[in-house]
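Written out below as structure tokens is the structure these notes cover.
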Amino acid sequence: MFNRILAAALLAWPLLSVAAPSTPSADVAQLLAAEDARFQAVLTHDTAALERSIADDVVYSHMTGQRDDKAAVLRSAARLSFSSIQPLERTARVIGEIGIVRGKLVRQLPDRTLTDGYLALYALRDGRWQLLEWVSAAPQAGEPAK
């Protein structure tokens, strides 16, 4: 299952990168608001909100190749102290009950700044968007790695 979803995400990546930004529909606006709320839950260590925003069957893939399940994502969010999480250059699409967000993320820790690209897949379940897949990527050539 993971391989199929990852393959679909990788195939969708080039399509998303050439898609021209447009005025977000209500569905896209709700998707991005849900993603922003998830980032806020990480910043404030709101475990209850974070747990609701992440699917039980989530696969969170780091740029190192490490894959985490929901329990590992929640543990990591509880121990990391980000002072800011800033999504940049996001594009988003909603296809039925699947949301796709691609962008860049700048996260500030006390001792360093993390900058990476990401592709996130969300599923609309029980009336709310839940993170289903997360894939991080190193910055593209020519972009500063921090």
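All letters in the sequence shown, in the order written, are residues -19 to -1, 1 to 127 by mature numbering (1 follows the signal peptide of the UniProt record, and there is no 0). Using N, Cα and C, we set each Cβ at its ideal position, and we do this for glycine too.
For A101, the enclosing beta strand (DSSP E) begins and ends at 94 to 106. Our two residues, S62 and L90, have alpha carbons roughly 6 Å apart in a direct line. Under the 8 Å Cβ criterion, the segment 70 to 83 does not count as touching the segment 46 to 54, having fewer than three qualifying pairs. Our two residues, G80 and A59, have alpha carbons roughly 26 Å apart in a direct line. In this structure, the alpha-carbon of D27 lies about 19 Å from that of L12. By the neighbour-count criterion, in which a residue is buried when 16 or more other Cβ atoms sit within 10 angstroms of its Cβ, I35 is buried.
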